[in-house]
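Numbering (the numbering used here), first residue to last: -7 to 430.
Beta carbons are placed, not taken as given, at the ideal position from N, Cα and C, and that holds for glycine.
Owing to the predicted nature of the structure, the values given are computational and were not obtained by experimental measurement.
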C-alpha cells in the first residue's frame, strides 16, 4: 500500500483565504464593539445617540419592542462572530496540514475573544458616546440588512407577552403595595417616602382628567389677538406658553411660546400669532399619565390640549402637572401660593372650590366614592343643579358647605364644617334638589 502525497494548495487560494480571514477578523471586532455598545449602554445615552443619528435609527429607538429585538440581534452577532472566526482559522490551518497549529489557533482564538470582551467593556465604560457616533453608519447598515429579522423578532416577543402583561402588571403592583406596607410598619420607610413610592405606583393608572387644568381655568387667547396684547397677557398670567384658538376655545389651533413672541416683537418682523405658534398636541382625557409622559418626552413637548369624548376642549396638561403627581407641588417665584386650609374658630375650614374631594376625605374622615365629581365646586354645583350664590349652604355626607364666593360658572371659596358644629351655630341648610330658584 503506497501513500500518495496530496498536491500542494494553490498559493493564490491560500492568499485569498487568509485575506478573507483577516477581513472577517476586522468585521468581528466591529460587530463585537457595536453589539457591546448597544447592549450595555444605558437608556439616556442611547436616547441621545438616537436623537443625533435621526432617520430610521431614531424611528427604531422610538419603537421599544423593535429596538430591543435589534439589541438582542446585535448582541447575538457579537457573540457569534468570534466563534465563526475561530472555526475559519481552524479549518484554514487544518487544510494546509498543520494539525497542531490548528489546535493552537483555537487557543489563540479563545484569547482573542477574551480580549475583545475586555476591550469592549473598557469602551462602553469610558468612551461609549464617541464610539456610538463613530459606528452609527455600521448600525444603520446592519439595521437595513437585518430589518426583516428584527421585525419578526419583535412580533414574536409581542405575541409571547400578549395576555400575560396585564396579569403580571397587576400582580407586580399588589406586591409593591405589600412591600410598602411592610416597609412602613417596620420603620424602613418614612411616611414621606411611603407617599412618594405610592405616588409612583399610582401614576400609571391615573387619568389625565384628574390632573389637567380644567377648561374654565385655562388662560388662552384668540389667534387674532395682536402681539402687543399677547405680551400683556403673558405678563399678567406668568405663563411661558398660551393656547391660541380660532372663534372658540374648542378650536385650539396653536401653542405660542413667550420666547417666540418676544423675538418677533424685538425684530419687528410684523408676523402674526398664528405663524409664531406651534401645532397643538391633543390627548383624550382618559389617557393614563404614564403613557402621556412618555409621549410628551418622545415629541419634546411641554403642553398638551385635553379633549373630551365629543372632541371639545376639556382642559390642558403640562409636564409639570405630571411631575407634580409624583413629587408634589412645584412652585416658583411667579406661582400664586396654593390655597391653605384656613382654620375657622368653630373647628371649620375655609377652602377654595377647586379643592379635591380626596382632601376632604382625609380631613373629615368621610367618603365621596359614590359621586362622580372631583372638586368641591363640582360637588356643590352638580348636586344642586346650578351654581349657588354667596351665602347659600349645602349639606352632604355629614358636612355643611357655606358658599362665600362664586362667579357665574363655579364656586370659588367655601367654609366647610361638620354637621354637629353647624347645628350649634344654627346654620340653615339647603339639601340637594330642594332649593327653588327665584
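I need the straight-line Cα distance from residue i to residue j, nearest angstrom please.
i           : j           : result
residue 371 : residue 363 : 8 angstroms
residue 343 : residue 296 : 29 angstroms
residue 282 : residue 200 : 10 angstroms
residue 293 : residue 315 : 14 angstroms
residue 357 : residue 230 : 37 angstroms
residue 128 : residue 254 : 39 angstroms
residue 318 : residue 310 : 14 angstroms
residue 58  : residue 291 : 19 angstroms
residue 256 : residue 399 : 37 angstroms
residue 264 : residue 270 : 13 angstroms
residue 243 : residue 237 : 5 angstroms
residue 304 : residue 275 : 11 angstroms
residue 354 : residue 225 : 37 angstroms
residue 60  : residue 68  : 12 angstroms
So, helix, strand or coil for residue i, using DSSP?
i           : result
residue 266 : helix
residue 248 : strand
residue 291 : helix
residue 138 : coil
residue 223 : helix
residue 360 : coil
residue 318 : helix
residue 307 : strand
residue 256 : helix
residue 278 : coil
residue 409 : strand
Under the assumption that residue i contacts residue j (Cβ atoms under 8 angstroms), give the Cβ distance between them as a whole number of angstroms.
i           : j           : result
residue 366 : residue 349 : 6 angstroms
residue 204 : residue 298 : 5 angstroms
residue 390 : residue 411 : 5 angstroms
residue 245 : residue 212 : With a Cβ gap of about 11 angstroms, residue 245 and residue 212 do not count as contacting.
residue 408 : residue 341 : 6 angstroms
residue 65  : residue 141 : 6 angstroms
Using only CA atoms, which one of the options lies nearest to residue i?
i           : options               : result
residue 373 : 354, 208, 361 and 401 : 401
residue 346 : 62, 368, 388 and 219  : 368
residue 277 : 289, 267 and 302      : 302
residue 403 : 379, 392 and 68       : 379
residue 285 : 208, 245 and 197      : 197
residue 234 : 377, 248 and 359      : 248
residue 381 : 406, 139 and 64       : 406
residue 207 : 306, 361 and 266      : 306
residue 215 : 266, 228 and 225      : 266
residue 258 : 273, 228 and 223      : 223
residue 289 : 251, 308 and 312      : 312
residue 308 : 273, 392, 337 and 287 : 273
residue 251 : 239, 268 and 209      : 268
May I ask you to check if the CB of residue i is nearer than 8 angstroms to at least one heavy atom of the ligand GDP?
i           : result
residue 308 : This structure does not include the ligand GDP; it has no bound ligands of any sort.
Taking Cβ positions only, does residue i come closer than 9 angstroms to chain B?
i           : result
residue 272 : Included in the structure is just one protein chain, with no chain B present.
Under the rule that 16 or more other beta-carbon atoms within 10 Å means buried, what is residue i, buried or exposed?
i           : result
residue 137 : exposed
residue 152 : Any answer about residue 152 is weak, because its pLDDT of 49 lies below 50 and its placement is not dependable; what the coordinates show is given next. The residue in question, residue 152, is exposed, as its Cβ has fewer than 16 Cβ neighbours within 10 Å.
residue 385 : buried
residue 377 : exposed
residue 335 : exposed
residue 133 : exposed
residue 227 : exposed
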